[in-house]
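Remarks on the structure that follows.
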Amino acid sequence: MTFTRRSFLGAAAAGALATPMLGVATRRGYAQVKPVRIGYIADYFGTSLTAIATDQNLWAKHGLEPDLKVFTNGPIQIQAFGAGSLDFGYVGPGALWLPAMGKAKLVAINALGLSDRVIAQKGINSVADLKGKKVGVPEGTSGDMLLRLGLAKAGMSISDIEVVKMDPSTVVAAFASKQIDGAGIWYPLVGIIRKTVPDLVEVAKSDEFYPENSFPSAFVARNEVITDDIDMAGKFVATMKEANDYRAADVPRSVEITAKFLGVPIEPLQVESENGKFLTSEELAAASKDGTVAGWLKGLNDQFVAFGKMQDPLDPEDYYLADLYAGN
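Here the sequence shown is numbered in our numbering, starting from 750 and rising by one per residue.
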């Protein structure tokens, strides 16, 4: 079966909504559980820790009773924070400008994405060859970031190509029908495109810019949760850390758990999982203490400013709760 991102997310959302809540017996086994509303995105990076926490009964272990809500992107979750209808959420790197503008607090790093690519039609063998060509890109995403990094490395800028802004599913269709010459996009969508266009060329990869430019995904919290109920935030972080270490120790098993949770085939999740760097919680705690995570976030902020997405971002120390992560 061929999946577009839209159909994949739709099927995943349907499966996820059918996932049962924690059993009564499980809840009764732990005292003082706190209700908490948690958002996630129905792909491997956006769901795996939530799925593991559910499968392994980690929510109740850490004193939480989750109301899990599926979303299609990070900014919508942060809008839900503003409406007071969500407590925690998951965002990809393209949405991390919102915490940098004070819209949320970042409480945990999820993973480093290495799934982004700049792809081109056959005969275009480098980023430089894209000069004057039509390039599709979902604006403000990590694919957009990689495209700009690739252009800069080639001594070019965004003005040297014809940018066509489109959503991810449209990129898939437009590239397959050769309406565009290139794209800034990511796996598993690159894999889907390759089934139709097997001779596509990957002219830039995110791992070529690592570690100087890293694309972390993360878990964020509503500002009021941090000011009014830091204990709940600590419980959430502790849950994510334990789920994170389960994933880091057995990524293939985490793919199986995530596929079951979402009710989707394993294959696209497997491909997605192969394009990430998964640090242990101990490694992430050390990176939080020594300023490495702050460096990743500052690098993203510099890109967001260059994109015109924001001006005068907060210092990462003002919105990433490094001490909370390292102390749980």
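For every residue, glycine included, the Cβ atom is placed at its ideal position computed from N, Cα and C.
Task: Span separating the alpha-carbon of Asn1050 from that of Gly1040 - done: If you number the sequence shown from 1, residue 1050 lands on position 301. If you number the sequence shown from 1, residue 1040 lands on position 291. Approximately 15 Å, taken between the alpha carbons.
Open item on the list: I'd like to know if the segment 810–820 and the segment 994–1006 are in contact, where contact means that at least 3 CB-CB pairs between them fall below 8 Å.
Closed with: no
Task: Residue ranges of each alpha helix (DSSP H) within the segment 913–985, 4 or longer - done: 917–925, 938–945, 972–977
Task: C-alpha distance - Gly1048 paired with Ala903, whole-angstrom precision - done: Taking the sequence shown and counting its residues from 1, the one referred to as residue 1048 is at position 299. Taking the sequence shown and counting its residues from 1, the one referred to as residue 903 is at position 154. Roughly 19 Å between the two C-alpha positions.
TODO: Hey, could you find the ends of the alpha helix (DSSP H) Glu1005 is sitting in?
DONE: To locate residue 1005, count along the sequence shown from 1; it is residue 256. Note, Glu1005: alpha helix (DSSP H), 1000–1011.
Open item on the list: Contact between the segment 971–984 and the segment 902–922 is defined here as three or more beta-carbon pairs at a separation below 8 Å; is this criterion met?
Closed with: no
TODO: Using only alpha-carbon positions, find the residue among Leu1018, Pro960, Leu863, Glu1032 that is nearest to Asp994.
DONE: Along the sequence shown, read from residue 1 onward, the residue named residue 994 stands at position 245. Per the Cα distances, Glu1032.
Task: Contact under 8 Å by Cβ, Tyr959 with Ser864 - done: Translated into the one-based positions of the sequence shown, residue 959 becomes position 210. Translated into the one-based positions of the sequence shown, residue 864 becomes position 115. Not a contact, by the Cβ cut-off of 8 Å.
TODO: Measuring alpha carbon to alpha carbon, tell me which of Asp948, Ala901, Ile929 ends up nearest Lys914.
DONE: Working through the sequence shown from its first residue, we reach residue 914 at position 165. With distances taken between Cα atoms, Lys914 lies closest to Ile929.
- [ ] Note down the Cα distance separating Asp978 from Asn1077, rounded to an integer number of angstroms.
- [x] Within the sequence shown, numbered from 1, the residue matching residue 978 stands at position 229. Within the sequence shown, numbered from 1, the residue matching residue 1077 stands at position 328. Whole-angstrom Cα-Cα distance: 15 Å.
TODO: Count the CB pairs spanning the segment 932–947 and the segment 865–876 that are closer than 8 Å, and state whether there are at least three.
DONE: yes
- [ ] Please name the residue, chosen from Val1004, Asp1064, Val912, Gly812, that lies closest to Leu847 on a Cα-to-Cα basis.
- [x] Counting from 1 along the sequence shown, the entry for residue 847 is found at position 98. For Leu847, the nearest C-alpha among the options comes from Asp1064.
Open item on the list: I'd like to know if the segment 789–805 and the segment 1001–1021 are in contact, where contact means that at least 3 CB-CB pairs between them fall below 8 Å.
Closed with: yes
Task: For Phe1056 and Asn1066, the rounded distance between their alpha carbons - done: Counted from its first residue, the sequence shown places residue 1066 at position 317. Counted from its first residue, the sequence shown places residue 1056 at position 307. For clarity, residue 1066 is Glu in the given sequence; the question names Asn instead. If I take the Cα positions, the gap works out to 22 Å.
- [ ] Using the Cα positions of Ala1071 and Ala1036, report the straight-line distance between them to the nearest angstrom.
- [x] Position 322 of the sequence shown holds residue 1071. Position 287 of the sequence shown holds residue 1036. Their backbone Cα atoms lie some 9 Å apart in a straight line.
Task: Beta-bridge partners of Ile858, as assigned by DSSP - done: The count along the sequence shown starts at 1 and reaches residue 858 at position 109. DSSP lists Ala967 as partners of Ile858.
Task: Three-state secondary structure assigned by DSSP to Phe1027 - done: As a working mapping, residue 1027 is identified with position 278 in the sequence shown. Three-state DSSP puts Phe1027 in coil, outside helix and strand.
Open item on the list: Along the chain, where does the beta strand (DSSP E) containing Pro784 start, and where does it finish?
Closed with: Residue 784 sits at position 35 when you count from the first residue of the sequence shown. Counting along the chain, the beta strand (DSSP E) containing Pro784 begins and ends at 783–790.
- [ ] Report yes if the CB atom of Gly838 is closer than 8 Å to the CB atom of Gln826, and no otherwise.
- [x] Here the question's residue 838 lines up with position 89 in the sequence shown. Here the question's residue 826 lines up with position 77 in the sequence shown. Yes.
Open item on the list: Taking 8 Å as the cut-off, does the segment 894–903 touch the segment 985–992 (at least 3 CB pairs, one atom from each stretch)?
Closed with: no
- [ ] Could you check the C-alpha separation between Phe924 and Lys783 for me, to the nearest Å?
- [x] The count along the sequence shown starts at 1 and reaches residue 924 at position 175. The count along the sequence shown starts at 1 and reaches residue 783 at position 34. Distance between the alpha carbons of Phe924 and Lys783: 47 Å.
Task: Chain-order list of residues whose beta-carbon lies under 8 Å from that of Tyr779 (same chain, five-residue window excluded) - done: Counting from one through the sequence shown, the residue named residue 779 turns up at place 30. At Tyr779, the pLDDT of 49 sits below 50, so the modelled position is not reliable and the matter cannot be decided from this model.
Open item on the list: Could you give the first and the last residue of the continuous alpha helix (DSSP H) run that contains Ala869?
Closed with: Within the sequence shown, the letter at position 120 stands for residue 869. Segment 865–869 is the beta strand (DSSP E) holding Ala869; no alpha helix (DSSP H) there.
Task: Pick from Ile801, Asp956, Phe1027, Ser1003 that is closest to Glu1016, judged by C-alpha positions - done: Position 267 of the sequence shown, counting from 1, holds the residue named residue 1016. Taking only the C-alpha atoms, the option nearest Glu1016 is Ser1003.
Task: Beta-carbon contacts of Asp956 that lie in its chain and below 8 Å, excluding the five residues immediately before and after - done: Counted from its first residue, the sequence shown places residue 956 at position 207. Same-chain partners within the cutoff: Leu863.
Task: Straight-line gap, Asp1061 to Lys954 (C-alpha atoms, nearest Å) - done: Against the sequence shown, residue 1061 aligns to sequence position 312. Against the sequence shown, residue 954 aligns to sequence position 205. Answer to the nearest angstrom: the Cα atoms are 29 Å apart.
Open item on the list: For Asp836 and Glu973, what's the separation of their Cα atoms in angstroms?
Closed with: The residue labelled residue 836 in the question sits at position 87 within the sequence shown. The residue labelled residue 973 in the question sits at position 224 within the sequence shown. Between Asp836 and Glu973, the C-alpha separation is close to 9 Å.
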